Ligand code: SAH
């Protein structure tokens, strides 16, 4: 299953155009994460024959809620940022998304808001980033057009899979390269872990107000490298709880 997640979108028209782009490429699950304004008449006008995607769109008020159950998270970004994740080409992203969905994983492909794109916090929860290699001097596509380009790549990868041509091998290879077989942790579990870790590191004094942002960014990057499994997160959180208990005792 593939969710197209539009984060903090400001123009309802873009939501409609994105829905239309999705439908032309055979995708239907739209998630609106804290949209600035709700779906309106303009959205429906621009969605044309894809209005049912808007009817069924899921609105999420937090990032955790938007990424619930999703175990492969990819952020589309026009700009390279510090601490970026593995950067995929659109074609590679298409292959990875199809391979993951065929394995029964839920994939979220996230798009940022029109003015500023994905925030650091949103980019930091991703396993991968994907950039459409556009004109370096003017690389920012309209939101719905970026949705069109990347969903087109998903469609191409899927058609190649259906055709069982040599690309099938490429998809399987991509899947083996990036995914392991254990039960992966979902977006909301990873966000929960990040928050727990930050609390404990503030408690121990490893983090303080001056270094909090920059160090947490590096730490989140470490944990985005392998896919954290559910077991991994449980063990890591067990460690954190033991730290909290010990610090509590020594402070008594
Ligand atoms: N002004 C913003 C871009 C916003 S465009 C910025 O500079 O980051 C809205 C969204 O469309 C982006 O957040 C991203 O998800 C997607 N997008 C636009 N151009 C893209 C590109 N070249 N590659 C990948 N995604 C792109």
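Numbering (this note's numbering), first residue to last: 89 to 340. Where is the CB? At the ideal position from N, CA and C, for every residue including glycine. Just so you know, these numbers come straight off a predicted model, no measurement behind them.
Asked: 8 Å contact criterion, which residue 184 and residue 147 should meet: CB distance rounded; Found: The pair is not a contact, with the Cβ atoms about 27 Å apart (cut-off 8 Å).
Asked: Per-residue burial, residue 207 [other beta carbons within 10 Å of its own, 16 or more giving buried]; Found: exposed
Asked: Residue 131 in three-state terms, based on DSSP; Found: helix
Asked: Contacts around residue 116, its chain only, beta-carbon distance under 6 Å, and the 5 residues preceding and following it disregarded; Found: 141
Asked: Rounded separation between residue 224 and residue 234 - CA only; Found: 15 Å
Asked: Inter-residue spacing [alpha-carbon to alpha-carbon] between residue 331 and residue 337; Found: 10 Å
Asked: The stretch 191-199 touching the stretch 315-324, judged by at least three CB pairs closer than 8 Å; Found: no
Asked: Burial state of residue 203, where buried means 16 or more other Cβ atoms lie within 10 Å; Found: exposed
Asked: Endpoints, the beta strand (DSSP E) within which residue 92 is located; Found: 90-95
Asked: Bridge partners - residue 249, DSSP secondary structure assignment; Found: In DSSP, residue 249 forms no bridge with anything.
Asked: Distance, residue 133 Cα to residue 302 Cα; Found: 43 Å
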